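Position one of the sequence shown corresponds to residue 1320 (the working numbering), numbered consecutively onward. Quick notes on the structure that follows.
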Amino acid sequence: MVAPTTPKKRCAIYTRKSHEEGLDQDFNSLDAQRESGETFIASQKHEGWVALPTRYDDGGFTGANTDRPALARLMADIDAGKIDAVVVYKIDRLSRSLIDFVGLLQVFEQRNVAFVSVTQQFNTASPMGRLILNILICFAQFERENIAERIRDKMAASRRRGMWVGGVPPLGYDIDYAAKKLVVNVAEAATIRWIFTRFTHLRSGCAVADEARAKGLRTKAWTSKSGKVHPGQPMDRGHIYRVLSLRCYLGEVEYRGQFYRGEHSGIIDRELWDRVQNLLAENHHARGNRARATVPGFLKGVARCGHCGSALTMSWSRGSNRQLYRYYRCVVAEKQGHDACPLSAVPAGDLEVAVLKELRRVFLTPEIIAATSSAMKRAYVEANLNLDHRAVLEAMGQLDAVWNELFPAEQERVVDLLVERIVVSLDTSTLHLRIVGLAGVAAELRGLTDVVVKDADGIAEVRLPIHARRRCGRTRLLLPAVQRSVVEQDAPDALVQAIARAFRWQEQIEVDSRSITGIAKDEQIDEAHVRRHLKLACLAPR
């Protein structure tokens, strides 16, 4: 009689080490963990256990998450049915997170894969083993959280004592790994003093960046403790402002908004630091991001530079009379200097007028009307509604009439629906329109907000009749001549609507005790926009 054969149980050994130290040794921690696993599997040979030759080693990966390459390969082989048991040296080698560990165990159970810890000598085949596993993993996570808290406390105490706690060294300093502190780099310290001094003269981070690149200055080049080289980069405006804001050049360290005397030496004196900070406080850069978000500009997000391909962002300045001047500025030119891109910046008002007039003209072209009508008809069929060609003409004609009545936020939404992008360059400019957007806006103007246009007929590319020219160091838009009758027809309607808006806001201020700030916030526009309109309420009757 032939004795029944024991079914073979394929065992995968998973090993992990949190740090890379010692992994270059002939026999490292991962090898020791695998040897323990192979020994345990050999002791279960009578049960049919066999160690798979494939290695699943994660060296230098934390157990706090599951983002590990060897673990990913292990789970893939489990899904493929190549593994019957997973063997580890200790439970925390697989995971230190209770949530992750429970999730892995659930996958093991679904695939009928056993989990074995060599040193704890139990497996998930029994209820007691599963209970002990959950208890141990709770303690493992508890210990990990305690370690993290101790590290945070130690770093906080080190900061309060003025010690360097790691990270990328700032320009002007090197890291003394033996003493664990920053030491002054004499050559780079001269660069830092030059940047601070030049800013007090030029009062512009962009101008300082231009001179820094002309001198061949670069950002910090450094080598990590492991020997990895990080080369420096050409300086741009952002690098200059970061240098000007680092208090480490005063010999201080920061922790949670508090500043402490550092163990390293300062590079600049307090007087120069205070002068630079006062200039920064007066500079528009200190409040540029907040103000830029409130300055109206309905081409924000769709305008792009035709030379370098970067976005054109909203920028602004005020003249001596406090009048607001808006620009769409090339991001590359803003960061790397005006010479980095031939376009630099274009007046926002001129570009918006050109785009709006072209949109009005495009609305009435037969090709656009036909494409829009086709997209609208499909949407109307799905909504069980009827549509004729005259309805399309009527709807597209209404946008020209209501545009001046729309607030800036509403204008931005309409442009976002209609315009895919606008590419501006010195020699030519093109407008890319969404046919689906035209159909959607036309349907909304007819009051049918329940009609959803799903399919687009493509993008219509329209060449704008405008050219940009560099004059006296500035980019100016050359607009085509406009017929006098068109101007005379548009201007009175826009003026009447603006005056009506001014009287409405003036009444809110006088009767409802509203503030200009409150009105601007409700209308999602800049306060200056409200103040300019309010002046129209004071016009003489004749």
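For every residue, glycine included, the Cβ atom is placed at its ideal position computed from N, Cα and C. From a predicted model like this one, the values you see are computed outputs, not experimental measurements.
Query: C-beta atoms of Ala1404 and Ala1361 nearer than 8 Å; Result: no
Query: Distance CB(Arg1430)-CB(Ile1397) smaller than 8 Å; Result: yes
Query: DSSP three-state assignment for His1549, whether helix, strand or coil; Result: strand
Query: Gly1379 to Ser1543 span [Cα, whole Å]; Result: 16 Å
Query: Selected residue, minimal CA-CA separation from Arg1594, among Cys1330, Leu1783, Arg1479, Arg1522; Result: Arg1522
Query: Span of the alpha helix (DSSP H) around His1848; Result: 1846-1853
Query: Residues that DSSP places opposite Met1633 in a beta bridge; Result: Tyr1647
Query: Helix, strand or coil at Tyr1568 according to DSSP, with G and I counted as helix; Result: helix
Query: Lys1336: CB within 7 Å of a non-hydrogen atom of the ligand ADP; Result: What this structure holds is no ligand at all, so the ligand ADP is not there to describe.
Query: Span of the beta strand (DSSP E) around Pro1666; Result: 1664-1666
Query: Local conformation of His1862 per DSSP, three classes; Result: The shown model of the chain, from 1320 to 1861, leaves out residue 1862, and the question about it has no answer.
Query: Whole-angstrom distance between Glu1653 and Tyr1568, CA atom to CA atom; Result: 26 Å
Query: C-alpha gap between Asp1495 and His1549, whole angstroms; Result: 17 Å
Query: Local Cβ density within 10 Å of Met1394, reported as buried at 16 or more and exposed below that; Result: buried
Query: Rounded distance between the beta-carbons of Val1650 and Ser1636, thought under 8 Å; Result: Rounded, the Cβ-Cβ distance is 17 Å, inconsistent with contact.
Query: Supposed close pair Lys1539, Leu1490 - CB separation, criterion 8 Å; Result: 4 Å
Query: Separation of Trp1513 from Asp1658, as counted between CA atoms; Result: 22 Å
Query: Minimum C-alpha distance to Arg1392 - residue among Tyr1333, Val1487, Leu1737; Result: Tyr1333
Query: Among Asp1419, Tyr1408, Ser1545, Val1435, nearest to Ile1402 - alpha-carbon criterion; Result: Val1435
Query: Residues of its chain near Asp1555, where Cβ-Cβ distance is below 7 Å and the 5 sequence neighbours each way are ignored; Result: Ala1528, Lys1654, Gln1655
Query: Reference Leu1591, options Ser1564, Arg1387, Arg1645, closest by Cα; Result: Ser1564
Query: Beta-bridge partners of Thr1542, as assigned by DSSP; Result: Val1548
Query: Beta-carbon proximity check, Lys1500 vs Glu1428, cutoff 8 Å; Result: no
Query: For Leu1536: DSSP bridge partner residues; Result: In the DSSP output, where bridge partners are listed per residue, Leu1536 has none listed.
Query: Per DSSP, the bridge partner or partners of Cys1330; Result: Ala1370, Ala1404
Query: Given Asn1866 as reference, the closest of Trp1541, Ala1533, Thr1516, Glu1530 once Cα atoms are compared; Result: Here the chain covers residues 1320 to 1861 and nothing more, so residue 1866 does not appear.
Query: Neighbour-count burial assignment, Ser1584, 16 or more Cβ in a 10 Å radius; Result: exposed
Query: Nearest candidate by alpha-carbon position, reference Gly1486, set Val1572, Cys1525, His1848; Result: Val1572
Query: Lys1619 - DSSP class collapsed to helix/strand/coil; Result: coil
Query: For Gln1352, the three-state DSSP class (helix, strand or coil); Result: helix
Query: First through last residue of the alpha helix (DSSP H) which encompasses Glu1842; Result: 1835-1842
Query: Inter-residue CB distance, Leu1417 and Cys1457 (contact presumed, cutoff 8 Å); Result: 6 Å
Query: Pro1661 versus Val1734, Ala1622, Asp1746, residue with shortest Cα-Cα distance; Result: Asp1746
Query: Residue range of the alpha helix (DSSP H) that includes Ala1502; Result: Residue identity check: residue 1502 is Val in the sequence provided, not Ala. Counting along the chain, Val1502 falls outside any alpha helix (DSSP H), though it belongs to the beta strand (DSSP E) covering 1500-1503.
Query: Candidates Asp1345, Glu1340, Lys1409, Gly1382: closest to Ser1355 by CA position; Result: Lys1409
Query: Coarse secondary structure for Gly1341, derived from DSSP in three states; Result: coil
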